[in-house]
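One structure below.
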Amino acid sequence: MIYLKTDDEIELLRQSNLLVGKTLAEVAKLVKPGITTRQLDRIAEEFIRDHGGVPTFKGFKSPYGPPFPSAICASVNDEVVHGIPNDIPLKDGDIVSIDCGTLLNGFCGDSAYTFCVGEVEPEVMKLLKVTKEALYVGIEKAVHGKRVGDIGCAIQDYCESHSYGVVRELVGHGIGKEMHEDPPVPNYGRRGNGPLLKKGMCIAIEPMICQGARQIYMADDGWTIRTRDGKPAAHFEHTIAVGMDKADILSSFEFIEQVLGDKAI
Ligand code: MG
Ligand code: MG
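To convert, take the position in the sequence shown, counting from 1, and add 103; that gives the working numbering.
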């Protein structure tokens, strides 16, 4: 069941997603060699709660193991998504994807950004840039009258033109009062296929892109998704509302990139 949102509901979704963007900016202030992802998680959870939100990831149930224990997913290097914050200090040259979800005034926010820790190799930086560009290439297709497959096809073509692997098993999603609503929004697909996009549909678009092969596996913790070949992967995510002529991006990287300055991806 796909729920179309009213303009008022879209504004509530925007508020929740702006809180995610501001939370990720607080995280951005602290990402550097030596900090642990558990420290980042604490800051994120405190910031969300201080602003009247609830971290939706915390306690999220899984068929594969215990509920997710943290407010953010922190996925380092070959971890693609769903990494559990831990006490291992980040090192110079690492990348870390931080994914964050909130519930505010009854509506969900969901957005992710991949950060560089200190100085990152140029090839890894390129992976981050292409993944972020792929997100916007997908967003361009999120207009009334197109189809979900148009988004996936655009992202897939763009990333594969750089010889990167596009993860198949994990996808974007509708979003609203629930963090995961219909329709699924794959980062691959065929042009003109899949559910019709309509004004008022709200979806999270989130390319998960591998420097090497697209094959992944789940770690023993029942959450962390890693690349099989051990090469790095990147993840950027925006929540958007489908519009008549262009998508309305409800989440924001603006606060993050103010913090990062010339270190923005
Ligand atoms: Mg997310
Ligand atoms: Mg998502």
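Even for Gly, the Cβ is constructed at its ideal location relative to N, Cα and C.
{"Check": "Residue from 221, 119, 124 and 208 whose Cα sits closest to the Cα of residue 134", "Outcome": "221"}
{"Check": "Alpha-carbon to alpha-carbon, residue 258 and residue 312", "Outcome": "10 angstroms"}
{"Check": "Segment contact flag, the stretch 229 to 249 with the stretch 144 to 155, C-beta cutoff 8 angstroms, min 3 pairs", "Outcome": "no"}
{"Check": "Rounded straight-line distance, which links the Cα of residue 339 to that of residue 274", "Outcome": "12 angstroms"}
{"Check": "Residue 369 beta carbon near ligand 2 (any heavy atom closer than 7 angstroms)", "Outcome": "Because the chain here runs from 104 to 368, residue 369 falls outside it and cannot be looked at."}
{"Check": "Length of the line joining the Cα atoms of residue 117 and residue 353", "Outcome": "5 angstroms"}
{"Check": "Integer Cβ distance of residue 197 from residue 139, believed to fall under 8 angstroms", "Outcome": "Residue 197 to residue 139, Cβ: 12 angstroms. No contact."}
{"Check": "Span separating the alpha-carbon of residue 155 from that of residue 124", "Outcome": "15 angstroms"}
{"Check": "Own chain residues within Cβ distance below 7 angstroms of residue 293, not counting five before or after", "Outcome": "252 and 256"}
{"Check": "Inside the stretch 277 to 330 only - beta strand (DSSP E) runs reaching at least 3 residues", "Outcome": "284 to 288, 305 to 308, 311 to 313, 319 to 321 and 328 to 330"}
{"Check": "Inter-residue spacing [alpha-carbon to alpha-carbon] between residue 175 and residue 160", "Outcome": "7 angstroms"}
{"Check": "Check your reading: residues with Cβ closer than 5 angstroms to ligand 1 heavy atoms", "Outcome": "202, 213, 215 and 340"}
{"Check": "Alpha-carbon spacing of residue 194 relative to residue 188, whole angstroms", "Outcome": "15 angstroms"}
{"Check": "Whole-Å CB distance - residue 329 paired with residue 269, under 8 angstroms assumed", "Outcome": "That belief does not hold up - the Cβ atoms of residue 329 and residue 269 are roughly 16 angstroms apart, past 8 angstroms."}
{"Check": "Own chain partners of residue 146 with C-beta closer than 7 angstroms, once the 5 adjacent residues on each side are dropped", "Outcome": "129, 130 and 133"}
{"Check": "The stretch 279 to 290 in contact with the stretch 223 to 232 per 3-pair CB rule at 8 angstroms", "Outcome": "no"}
{"Check": "Within 8 angstroms, strictly: CB atoms of residue 305 and residue 108", "Outcome": "yes"}
{"Check": "Length of the line joining the Cα atoms of residue 261 and residue 136", "Outcome": "31 angstroms"}
{"Check": "Beta-ladder partner(s) of residue 59, from DSSP", "Outcome": "With the chain covering 104 to 368 only, the question about residue 59 has no answer from this structure."}
{"Check": "Which residues DSSP lists as bridging residue 343, in chain order", "Outcome": "306 and 352"}
{"Check": "Pick from 177, 235, 246 and 104 that is closest to residue 367, judged by C-alpha positions", "Outcome": "235"}
{"Check": "Residue 204, enclosing beta strand (DSSP E) - first and last residue", "Outcome": "198 to 207"}
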